[in-house]
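Each protein sequence line maps, in turn, to chains F and W. For what it's worth, full-length UniProt numbering labels the leading residue of the first sequence as 1, then goes sequentially. For what it's worth, full-length UniProt numbering labels the leading residue of the second sequence as 1, then goes sequentially. Structure first, then comments.
There are 2 protein chains.
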Amino acid sequence: MTTKTHDVIVIGAGISGLSSAKLMHEAGLEVIVLEARNRVGGRTLTKRDPSYNYVDVGGSYVGPTQDRILRLSAELGIKTYKVHTGGDYLHYSRGKITRFTGTWPKFRKPFTWLDINNAFRCMDQMIKEIPVSAPWDCPRAEEWDHVTVQQWIDDVCWMIDCKEYVRSFVVAFVAMEPEEISLLWFLWYIRSCESSRRIAQVGNGGQERKFHGGSMQICEGIHRILKDHVKLEHPVSQIKDNGQLVTVTCHDGTTFTSKLVVVAVAPSLYQKIHFEPCLPPLRSQLIQRVPMGSCIKNQVWYERAFWRQRDLNGWSSAADGMTLIGSTVDDCNPDASHPGITGFIMADRARDVCEWTPTERCKATCEYYAKLFGTDEALNPVGYEEFNWMNEEYSGGCYTSTYPPGVMTRFGKDLRKPLGRLRFAGTELATKWAGHMDGAVEAGERAAREVLSALGKIPESKIWQDESEFEGCPGFSFEISVTERAAPSIGGALKCMTFTGVLVVATIIIYKRFGLIIW
Amino acid sequence: MTTKTHDVIVIGAGISGLSSAKLMHEAGLEVIVLEARNRVGGRTLTKRDPSYNYVDVGGSYVGPTQDRILRLSAELGIKTYKVHTGGDYLHYSRGKITRFTGTWPKFRKPFTWLDINNAFRCMDQMIKEIPVSAPWDCPRAEEWDHVTVQQWIDDVCWMIDCKEYVRSFVVAFVAMEPEEISLLWFLWYIRSCESSRRIAQVGNGGQERKFHGGSMQICEGIHRILKDHVKLEHPVSQIKDNGQLVTVTCHDGTTFTSKLVVVAVAPSLYQKIHFEPCLPPLRSQLIQRVPMGSCIKNQVWYERAFWRQRDLNGWSSAADGMTLIGSTVDDCNPDASHPGITGFIMADRARDVCEWTPTERCKATCEYYAKLFGTDEALNPVGYEEFNWMNEEYSGGCYTSTYPPGVMTRFGKDLRKPLGRLRFAGTELATKWAGHMDGAVEAGERAAREVLSALGKIPESKIWQDESEFEGCPGFSFEISVTERAAPSIGGALKCMTFTGVLVVATIIIYKRFGLIIW
């Protein structure tokens, strides 16, 4: 049992906890980080093996406007590279494959195109109404929080192809089915990433870059700075706040004492901790209501990047809900060595195949790739790796906490509030790129400044700080074409067609009756 | 540290855990019960005070078909009495009070009556399709699980009064707002209680009786039998199952070892326990997805039961969602001493007033009672008691675990499955009167028989046992009048009226044209 009083204890050695600890350590505080697992990194995990060098099986992508994670990683000497994008994207739906370029697949049926264009235009208009740090204050907060994303899809989309495509977009970015989540929460989540294009795009979007050597190096880099202030295999079972000091007890009975505590784990994991005094009623109920998404990420390596030979960039989405892999990404190393495809098994599909063996999942993945890329070369992988985040007791799932209908307006407000001597971090509590690595840094550093403020080191007004654009990775605004801007919705098109029809009929009648006289 | 190996450790000394422990103890097993709180009873809690004798601030009511809890309590020498029902019921909505007898309020507007009759008739027809032990196998399981109860209300109800009344019914019986929960789960919950009438009614329904002396006596009675085999203030933080034996660790580091473990707490509380090996992925995700309802129960005592003088039975429901108290029950002691009214603050209203003081909640309660019962006598209470179940760390809320949309079909199947040397009890896992005290006994005794079966004491075929009707409390089938059975829905009525209208107009035209000749 340690009797020394630390300045602050951070619970969780993911990006949020460690970026928080780093900032406080640099400000001269005496910090201890307690991590349940035998590794740092949280929801980033880089596996290494001589056969494939390294692979990120957790959070991996960064892009423009994610300035905090870019600044932090650069400071640690970790470089980014642009993900391969040369060639066409693919979209798979019930056996039919659509090749396309740009953000959304271009379906041949004009009505489907109008419908998809309208759905995402609506989404991006709606998110403008949402205050990013207080979505519950949005004028239509209650209305949107009381419906599921699926209800909204059913309302706004006319064509089955469009409904399926929007569903696949939702599943791809939150790893939950649209009927499981609140429309308000989903809109807020997209809003925190700026727009549907910014979150979805590769170039100029959330998937523009990856880290040379893998994303877990960020946490490993901070671990090297903090050294043995980071205690691995220390799952916390109890936090006692007596008003003056906080005592944190781990499973093996070890206790640590500090002036303040930063809890930097996903909200639903707070339940693993017994709090004394117990959490206030709304916070206690909130953490029962924010389940983690469902995701298995896998990687298949091949002899050569056969998709590139076919002028495909390896990116794809699948929309029928029947395909094991919801989306794929080219994942050749930047020097084009170790050609590989990253696959995401998400939401229902992840739950369906939980009990399969890795071999079965690998086989099903390769069979799908053979169909998708149109070649039997896909059936002959040279390596396979996967990670089921639902199996990680101390993550509970991936990518992030999600909100079922009704939760955000009723309980969300309390998420970020300090409690006694406790402060809260974790990417879920960010206002920008929530659920992403960038959000983890925002929340971690904000919690660190809350601690510094509580200890009188900085004024309260300095807790929230803007981040300037990271130089090496500029963000550009999206060019939305006049067609995309002006194209009617299907409802609008039908009205327009009806009006035109009436006009034509009227013209014919008038012409028949009065001849050309009236012209 | 205890090194002795027990036959079985039960986690949780609520009705489910203790009824489980009792059965195993009687079968000759060496049982230890670990309880986090400093009392037995779980979600039953009887407060005692000379000024009011006793009051149940937790689970309290029993009725016909709840044969297991009736048998168990009778065996422990605890008697029931019939709750007072003489006089009219009240229904309050936006300042308007409706007096009525029977199950549902009789609104004067005939369309509202048709609408309410149709809604509950629909509900009772739908629940017949649900297999009570496997609701996910219902033919329409996915369809119903993908919508919220509110979506169903909006679909089936036409009149605002009806929508509000059905909402108030949902809130009253599950302490959640209809937009927060899955239709499939709600229908299954009602099905487990037989029907909307059985769960809602006083006489011949779930609220027919209470226990003389309070419901917590059941757990206290079993505690007296098990004596110091029940360990209070032993919150469990870890369960390690090495395949041969299970080691259970409490917060203070005390460990207990046993052949098997019965986990008898609400599913969302499993998260407080660190499992080794960790829970399988779907179970781990399930327990993040089943939040407890939101309820504060209170009790106001008066000099005299002034409502009885007005020929009111003290029962009421409120439907506008604005009233603090969603429903009231007469709670005079059986000898008519200590006249009191029990009030339920549920779902959104409970969350709204969490931060009020008890005095403020008492005042608002009495002011509402003055309006409801039409007398200023209600403003002069002689006593007040309340209990906020959201404040109980080791309950997490009340009455029961609830399912947001999409959870039951995806994760429900795993709820009851044994895991290694672990078995699972708790009222949520019952197939009859789930969420009630009766369900707690069903699940507790079933888990006990699973343990006995695993130890070779009984065959597997004896795990699930039917219960015969408890003699002292017969259940009668409900008489549904021909009017209730045959009355059309509003849609049907409108169709009927249109048809009649067309017929009348046609008759007039024919008459005008042909006179009486054709007759």
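Positions of the beta carbon are idealized from the N, C-alpha and C atoms, including for glycine.
Problem set entry | Contact with chain F by W:M390, beta-carbon distance below 9 Å | Yes, contact with chain F.
For this session: Hey, could you find the ends of the beta strand (DSSP E) F:L422 is sitting in?
Result: L422 to F424
Problem set entry | Short-range partners of chain W found in the region 136–155 of chain F, where Cβ spacing is below 9 Å | D145, H146, V147, T148, Q150 and Q151
Problem set entry | Between the CA atoms of W:T112 and F:A16 - distance to the nearest angstrom | According to the sequence provided, residue 16 of chain F is Ser. The question's Ala does not apply to it. Computed Cα separation, rounded: 55 Å.
For this session: Keeping to the same chain, check which residues put their C-beta closer than 7 Å to that of W:F499; ignore five residues upstream and five downstream.
Result: none
For this session: Just the chain B side, please: which residues come within less than 8 Å of F:E35 by C-beta, in chain order?
Result: Protein chains F and W are contained in the structure displayed, whereas chain B is not.
Exercise. By how many angstroms is the C-alpha of W:T254 removed from the C-alpha of F:T2?
Worked result: With a pLDDT of 49 at F:T2, under the threshold of 50, the modelled position of that residue is not reliable, and the figure given next carries that caveat. Straight-line Cα distance between these residues: approximately 19 Å.
For this session: Kindly provide the ranges of any alpha helix (DSSP H) runs that are 4 or more residues long and lie completely inside the region 109–159 of chain W, ordered along the chain.
Result: If only uninterrupted alpha helix (DSSP H) runs of at least 4 residues are considered, those enclosed by the region 109–159 of chain W are 110–127, 141–145 and 149–156.
Problem set entry | Alpha-carbon to alpha-carbon, W:G426 and W:Y394 | 13 Å
Problem set entry | Option nearest F:Y399 by Cα separation, candidates F:R310, F:K413, F:E428 and F:T375 | F:E428
Exercise. Pick from F:R140, F:S60 and F:E450: whose alpha carbon is nearest that of F:K259?
Worked result: When only C-alpha atoms are compared, the closest one is F:E450.
For this session: Label F:V482 either buried or exposed according to how many other C-beta atoms from any shown protein chain fall within 10 Å of its C-beta, with 16 as the threshold for buried.
Result: That one is exposed.
For this session: Using the Cα positions of F:K96 and F:L114, report the straight-line distance between them to the nearest angstrom.
Result: 19 Å
Exercise. Nearest chain W C-beta to F:T249 closer than 9 Å, yes or no?
Worked result: yes
Problem set entry | Contact list for F:P418 against chain W, beta-carbon separation under 8 Å | The premise fails here: F:P418 is roughly 16 Å from chain W at the closest Cβ pair, so nothing lies under 8 Å.
For this session: Express the C-alpha separation of W:G501 and W:W519 in angstroms, rounding to a whole number.
Result: Confidence in W:W519 is poor, its pLDDT being 49 and thus under 50, which makes the residue's placement unreliable; the coordinate value appears in the next sentence. When the Cα atoms are used, W:W519 and W:G501 turn out to be separated by approximately 20 Å.
Exercise. Sorted by chain position, which residues of the same chain lie with C-beta nearer than 7 Å to W:F173's C-beta, five sequence neighbours on each side aside?
Worked result: I199
Exercise. Roughly how many angstroms separate the alpha carbons of F:D414 and F:V10, rounded to a whole number?
Worked result: 20 Å
Exercise. Considering only C-alpha positions, which residue in the set F:L29, F:K22 and F:Q217 is nearest to F:T5?
Worked result: Ranking F:L29, F:K22 and F:Q217 by Cα distance to F:T5 puts F:L29 first.
Exercise. Could one say the Cβ of W:A13 lies closer than 9 Å to chain F's Cβ atoms, at least one of them?
Worked result: Interface annotation, W:A13: not in contact with chain F, CB-CB separation never under 9 Å.
Problem set entry | Sequence-distant residues of its chain with Cβ nearer than 7 Å to W:Y368 (five each side left out) | T323, L324 and I325
Exercise. So, do the region 134–153 of chain W and the region 201–217 of chain W have three or more beta carbon pairs nearer to each other than 8 Å?
Worked result: no
Exercise. Taking the alpha carbon of F:M390 as the point to measure from, which residue in F:R423, F:E360, F:P291 and F:S133 has its own alpha carbon closest?
Worked result: Of F:R423, F:E360, F:P291 and F:S133, the smallest CA-CA separation from F:M390 is found for F:P291.
Problem set entry | Contact list for F:D348 against chain W, beta-carbon separation under 8 Å | R410
Problem set entry | Between the CA atoms of F:D7 and F:V230 - distance to the nearest angstrom | 14 Å
Problem set entry | Element boundaries [alpha helix (DSSP H), containing W:G58] | Counting along the chain, W:G58 falls outside any alpha helix (DSSP H), and DSSP gives it neither H nor E.
Exercise. So who's on the other strand from W:G340, going by DSSP bridges?
Worked result: W:W301
Exercise. Which parts of the region 397–465 of chain W are runs of the alpha helix (DSSP H), unbroken and 4 residues or longer, counting only runs that do not cross its ends?
Worked result: 407–411 and 437–454
Problem set entry | Pair within 9 Å by beta-carbon distance, residue 530 of chain F and F:T44 | Beyond the ends of chain F as shown, which are 1 and 519, falls residue 530 of chain F; an answer cannot be given.
For this session: Could you list the residues in the region 105–122 of chain W with a C-beta less than 9 Å from some C-beta on chain F, going in chain order?
Result: none
Exercise. Name the chain F residues whose beta carbon is nearer than 8 Å to that of W:L282?
Worked result: R351, C354 and M390
Exercise. Taking Cβ to Cβ, would you say W:C473 is nearer than 9 Å to W:D67?
Worked result: yes
Problem set entry | 9 Å Cβ cutoff, F:G515 in contact with chain W | no
For this session: Give the DSSP-derived three-state secondary structure of W:D320 in the structure shown.
Result: coil
Exercise. In terms of DSSP beta bridges, what is W:V248 paired with?
Worked result: Beta-bridge analysis with DSSP links W:V248 to W:I239 and W:F256.
Exercise. Taking one C-beta from the region 76–94 of chain F and one from the region 310–318 of chain F each time, how about it: are there three or more such pairs within less than 8 Å?
Worked result: Cβ pair count under 8 Å is three or more, so yes.
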